[in-house]
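Have a look at the structure below before the remarks.
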Amino acid sequence: MNILSFKKIDSTNTYAKKRIEELNDKTIISADLQTAGRGRFTRSWTDLGSENIYMSIIIKPNFAMPEHIFGCNVESKSKSVPKLCNGIPEVFSNLTQYLAVKLCFQLEQLGLKPQIKWPNDVLLNDKKVSGILAESVFKGGQLKGIVLGIGINLNASLENLQNIDRPATSLNLELEQDIDKESFMMNLLNSFFNDYDSFIANGFKSIKDDYIKRANFLEKNLKVSVFNVEKEGFSIDVSDNGSLVLKLKDGSIEKLNMGEIV
Ligand code: BTN
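With our numbering applied, the sequence shown has no gaps in its numbers, which climb one by one up to 264 at the end.
What follows is the structure, given as structure tokens:
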């Protein structure tokens with residue numbers, strides 16, 4: 003693991019995406035300040051000061067991807083070609099959920115009770131403390147890499163948090179003490195990479211129980227926005243590949259592999 007630290011950057015994800023070809027697998031881009039931090043669904047990610055985490059992990063799966071198979075749950079005909087989800091091997095699309103679980107473990111070591119809002123938001127007392135944005139970079143139909151960006155509110159002021167348009171919190175406020183950014187970040191990265199190979203080999207199934215134990219969205223009537231369509235149903239499960247399983251009003255079952263609970 004190689005860490006590139008910046009004082010100020012537009013966005014660690016944007017930086018990583020632009021330079022993906024020259025950066026090695028498992029490179030970390032970290033910044034004290036993001037001037038154009040990005041969230042999911044073209045939202046922005048607010049900068050809350052230099053003692054919070056803004057970082058991106060570069061993942062470069064080391065096999066060539068065929069350009070003709072897109073969509074989750076597509077069974078590969080060849081043994082050497084993995085199942086794909088949105089153009090990337092399915093297990094890599096679950097990395098955001100793996101990272102969310104790893105973050106939960108770390109928060110629990112601090113005595114907190116984190117929850118996961120599908121697919122990968124981490125909450126404390128129903129308020130968001132971390133968000134994850136995964137972006138894939140393709141060139142000429144080839145997957146060049148995946149950028150896994152995470153923002154964690156470690157040391158934010160109540161005033162700055164109140165400027166965010168959704169309920170948000172920060173570790174320092176939950177624990178009533180300042181958090182050491184360097185050691186928090188290193189612990190998370192070490193924990194992420196310690197089990198990384200085994201996660202890639204075994205897939206979402208290997209973390210499913212840990213994920214579900216922390217899920218705050220099961221057995222509820224939910225509205226999920228998927229692109230511009232809103233799906234409404236009762237959440238019954240998370241599938242073995244990390245999809246949200248909804249029972250719709252007409253009794254049919256729908257598995258969602260992307261979207262946002264609204
Ligand atoms: C979300 O919850 O909407 C995802 C937020 C992801 C924010 C992080 S901060 C580091 C990295 N760089 C970005 O511009 N975004 C991600």
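Heads up, the beta-carbon is just placed ideally off N, CA and C, and yes, glycines get one too.
Sorting Phe195, Leu246, Gly142 and Lys129 by C-alpha distance to the C-alpha of Leu163 places Lys129 at the top. For Ala102, the enclosing alpha helix (DSSP H) covers residues Leu97 to Gln111.
As summarised for the stretch 184–213, the continuous alpha helix (DSSP H) elements at least 4 residues long and confined to that stretch are 198–204, given in chain order.
DSSP, read as helix, strand or coil, puts Glu24 in coil. Between Leu224 and Ser241, the gap from beta carbon to beta carbon reaches 7 Å or more. Taking C-beta atoms as the reference points, Ile31 and Thr16 fail to come closer than 7 Å. Cβ neighbours of Leu6 within its own chain (closer than 6 Å, five residues either side excluded): Ile31.
For Val264, DSSP assigns no beta-bridge partner whatsoever.
DSSP places Ala18 in the helix class (H, G or I) of the three-state scheme. Under the three-state reduction of DSSP, Phe43 is assigned to helix. Distances from the CB of Tyr17 to the heavy atoms of the ligand BTN are all 6 Å or more. A residue is called buried once 16 or more other Cβ atoms fall within 10 Å of its Cβ, and Gln111, having fewer, is exposed.
By the Cβ test, the stretch 182–195 is not in contact with the stretch 118–138, since fewer than three Cβ pairs between them sit closer than 8 Å.
Of the candidates Gln36, Leu220, Leu258 and Phe107, the residue whose Cα lies closest to the Cα of Val231 is Leu258. The alpha helix (DSSP H) runs of length 4 or more contained entirely in the stretch 108–171 are, from start to end of the chain, 160–164.
With a cut-off of 6 Å, the C-beta of Leu191 is classified as distant from the ligand BTN, since no heavy atom of the ligand falls inside that distance. Exclusion of the five residues before and after Leu35 leaves Lys9, Lys10, Asp49 and Ser52 as the residues of its chain whose Cβ lies within less than 7 Å of its Cβ.
Counting only residues of its own chain and dropping the five nearest sequence neighbours on each side, Asp27 has a CB closer than 8 Å to the CB of Ile60, Ile61, Lys62, Asn64 and Gly147. Sequence-distant partners of Asn165 (beyond 5 residues in either direction) whose C-beta falls short of 8 Å from its own C-beta, in its chain, are Thr48.
Scanning its chain for C-beta atoms nearer than 8 Å, with the 5 sequence neighbours on each side dropped, one finds around Lys19 the residues Glu137, Val139 and Val149, in chain order. Residue side-chain check: Arg21 keeps its Cβ at 6 Å or more from all non-hydrogen atoms of the ligand BTN. A contact between stretches requires three or more CB pairs, one per stretch, nearer than 8 Å, and the stretch 92–111 meets this requirement with the stretch 210–220. DSSP lists Ser32 and Ile152 as the bridge partner or partners of Met57. Considering only Ser193, Leu191, Leu156 and Gly235, the residue with the shortest C-alpha distance to Glu176 is Leu156. Nearest neighbour of Pro121 by Cα position, chosen from Ile22, Asn243, Leu250 and Gly253, turns out to be Asn243. Its chain contains Ile59, Tyr100, Leu101 and Lys104 as the residues whose beta carbon lies nearer than 8 Å to that of Phe194, once the 5 sequence neighbours on both sides are disregarded; these appear in chain order.
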